[in-house]
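J.: I have a structure I would like to understand better, so I am pasting it below and will then ask my questions one at a time.
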Amino acid sequence: MSNDKLKIGREIYKLCEELWPITRSITGDGVRETLKIINRHLQDLVVNEIPTGTQCFDWDVPLEWNIRSAYIINPNGEKIIDFKNNNLHVVGYSTPINTTMSLKELQNNLFSLRDQPDAIPYVTSYYKKNWGFCISENQRKLLIEGDYKVYIDSELKNGSLTYGELIIPGKSKKEVFLSTYICHPSMANNELSGPSVTTYIAKWLQSMDELKYTYRIIFIPETIGSICYLSKNIKKMKESIVAGFNVSCIGDNNCYSYLPSRNGNTISDVVALHVLNNKYPDFVRYSFLDRGSDERQYCAPGVDLPICSIMRSKYGSYAEYHTSLDNLDFISPEGLFGGFDVLRLSIKCLELNNILKSTILCEPQLGKRSLYPNTSIKSNISEARKILNFLTYADGSISNIDIAEIIGTPLWELDILINRLIKEGLLKVIE
């Protein structure tokens with residue numbers, strides 16, 4: 529990997545490290561703190577609050593949850609579980625408790641994984657009041673009989689759901705949509721890779737001299753956030769959005785993954801497959817039946833937005849998922865840059881995609897335009913062949929990404945060639 533690429537990967541990883549300690553949930557101060565850090569990178573990010581009780585289609589915004597402290601003290605007076613050491617130790621949305629109970633009683637509110645004895649699981653109880661602690665199975669086996677002091681200093685109150693929105697204007701009011709979530713505590717690939725990579729994609733877009741499309745980028749709590757955002761913006765989104773990606777699990781070093789839109793035939797699907805087939809042909813292709821993130825909402829009947837997902841290890845497919853093993857060692861600067869680059873190339877393909885038409889009949893005389901070698905031998909006519917192949921299919925009826933597929937060349941590698949042909953008057957843009 530080049531130094532420039534590694535530098536970007538390291539910067540994204542550094543953002544993951546900064547966001548790592550924050551206790552996030554679907555509401556609360558952890559989400560606000562996360563957005564405050566992202567806002568330092570993206571000054572135009574607008575933070576919005578939706579009050580508790582607001583109806584969003586079939587859902588209501590829940591009570592806001594915040595937690596300050598939580599621990600368990602064993603019969604010997606030892607603090608054996610402490611929320612401050614790992615914020616996965618407490619079940620998300622746990623109600624406050626301050627009591628003493630027997631081991632038998634406590635066991636009903638402990639969660640561990642027998643098949644992953646060293647891992648602390650990630651458990652939530654968003655919509656039913658409950659409390660609990662998550663521990664490793666090995667730690668659970670060491671618990672002794674006796675009375676345990678159980679303490680959770682948390683609060684459920686009327687508050688709000690918080691999300692961030694960034695609009696990057698382009699020449700067209702047609703939009704490309706990027707969505708990522710900021711609602712999990714300290715997990716690296718499943719949580720932090722998405723918003724961190726998306727932040728750097730947004731910075732790259734803002735650095736561009738000119739964009740064809742307008743970009744709508746949101747940082748939301750998963751599920752309830754996308755439902756709330758759609759309930760506020762669905763009319764505008766259905767009118768404007770032409771493509772988009774749900775950004776999740778995009779920072780590890782494992783194989784790339786693709787999850788299609790519900791119908792699998794949008795321009796987002798075409799672009800994602802074009803990039804992956806050309807860059808990482810060993811990628812894993814999933815069905816929409818394997819969905820599990822916010823594509824469920826964006827592709828729901830009646831919403832039908834053109835959204836698909838490009839990931840590294842897909843959520844739910846790797847052993848570390850939703851456990852303490854999905855830590856900063858599971859992701860890497862190289863893995864994060866790879867995810868960033870695949871998204872960047874996908875967006876570049878969207879920006880480059882047009883319908884073009886050859887302006888002359890029969891083959892053009894490329895030699896007089898210095899587009900064909902003066903001496904024709906096998907070793908130096910491949911570029912000319914590529915030009916002629918492109919012009920052969922540029923009849924004004926199909927897009928240039930379709931032509932790139934036909935002639936077996938990545939669209940991003942055709943950019944300079946296409947611009948040259950337009951400059952020479954051999955191609956014109958139809959759409």
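Numbering (the working numbering), first residue to last: 529 to 959.
Here a beta-carbon is modelled for each residue, glycine too, at the ideal position from N, C-alpha and C.
Predicted model, so just to flag it, every value in this text is computed and none were measured.
Specify the secondary structure class of L694 as computed by DSSP and reduced to three states.
T.: By one-based count along the sequence shown, residue 694 stands at place 166. The answer is strand: DSSP assigns L694 an E or B state.
J.: Kindly provide the ranges of any beta strand (DSSP E) runs that are 3 or more residues long and lie completely inside the stretch 603-629, ordered along the chain.
T.: 607-610
J.: Decide if D854 is buried, meaning its Cβ has at least 16 other Cβ atoms within 10 Å, or exposed.
T.: For this step, residue 854 is matched to residue 326 along the sequence shown. The residue in question, D854, is buried, as its Cβ has 16 or more Cβ neighbours within 10 Å.
J.: Could you round the C-beta distance between N888 and L689 to whole angstroms and report it? I think they count as a contact, below 8 Å.
T.: On the sequence shown, position 360 is the one that residue 888 refers to. On the sequence shown, position 161 is the one that residue 689 refers to. The residue asked about is misnamed: residue 888 is Ile in this sequence, not Asn. Contact flag wrong, Cβ pair sits at about 58 Å.
J.: Need the endpoints of the alpha helix (DSSP H) that T562 sits in, please.
T.: Along the sequence shown, one-based indexing puts residue 562 at 34. Note, T562: alpha helix (DSSP H), D557 to H569.
J.: Would you mind working out which of D675, Y741, G753 and Q734 sits nearest Y709, comparing C-alpha positions?
T.: Mapped onto the sequence shown, residue 709 falls at position 181. Looking at the Cα atoms, G753 is the closest of the given residues.
J.: Indicate whether the contact test is met: 3 or more Cβ pairs, each with one atom in the stretch 625-645 and one in the stretch 689-702, closer than 8 Å.
T.: no
J.: Output the distance between the C-alpha atoms of P938 and H802, rounded to the nearest integer angstrom.
T.: In the sequence shown, counting from the first residue as 1, residue 938 sits at position 410. In the sequence shown, counting from the first residue as 1, residue 802 sits at position 274. Computed Cα separation, rounded: 7 Å.
J.: Give the secondary structure of A828 by DSSP, where H, G and I count as helix, E and B as strand, and everything else as coil.
T.: The count along the sequence shown starts at 1 and reaches residue 828 at position 300. Here A828 sits in coil by DSSP.
J.: What would DSSP say about L634, mapped onto helix, strand or coil?
T.: Along the sequence shown, one-based indexing puts residue 634 at 106. Reduced to three states, the DSSP call for L634 is helix.
J.: Could you check which residue in E665, A922 and R872 has the C-alpha nearest to that of T851?
T.: Counting from one through the sequence shown, the residue named residue 851 turns up at place 323. The option with the nearest alpha carbon to T851 is E665.
J.: When you compare the CB positions of C544 and A730, do they come within less than 8 Å of one another, or not?
T.: Within the sequence shown, numbered from 1, the residue matching residue 544 stands at position 16. Within the sequence shown, numbered from 1, the residue matching residue 730 stands at position 202. Not a contact, by the Cβ cut-off of 8 Å.
J.: If K842 sits next to L787, beta carbons under 8 Å apart, how far is it from one beta carbon to the other, in whole angstroms?
T.: By one-based count along the sequence shown, residue 842 stands at place 314. By one-based count along the sequence shown, residue 787 stands at place 259. Their Cβ separation, rounded to whole angstroms, is 7 Å, which keeps K842 and L787 in contact under 8 Å.
J.: Check the DSSP bridge columns for M839 and list the partner residues they point to.
T.: Within the sequence shown, numbered from 1, the residue matching residue 839 stands at position 311. Looking at the DSSP assignment, M839 forms a beta bridge with S785.
J.: For the stretch 863-924, list the beta strand (DSSP E) runs that are entirely contained and at least 3 residues long, ordered along the chain.
T.: Complete beta strand (DSSP E) runs here, min 3: 883-886.
J.: Taking C-beta to C-beta, are E891 and L916 nearer than 8 Å?
T.: Within the sequence shown, numbered from 1, the residue matching residue 891 stands at position 363. Within the sequence shown, numbered from 1, the residue matching residue 916 stands at position 388. Contact: yes.
J.: Based on Cα-Cα distance, which residue from L817, P579, D797 and V704 lies nearest to M765?
T.: Here residue 765 is taken as the residue at index 237 of the sequence shown, counted from 1. Closest by alpha carbon: V704.
J.: May I have the straight-line CA-CA distance separating A598 from K612, to the nearest angstrom?
T.: The residue you call residue 598 lines up with position 70 of the sequence shown. The residue you call residue 612 lines up with position 84 of the sequence shown. For A598 and K612, the distance between alpha carbons rounds to 8 Å.
J.: Among I958, L733, Y757 and Q644, which has the Cα closest to the Cα of D923?
T.: As a first step, residue 923 is located in the sequence shown; it is residue number 395 there, counting from the start. Closest by alpha carbon: I958.
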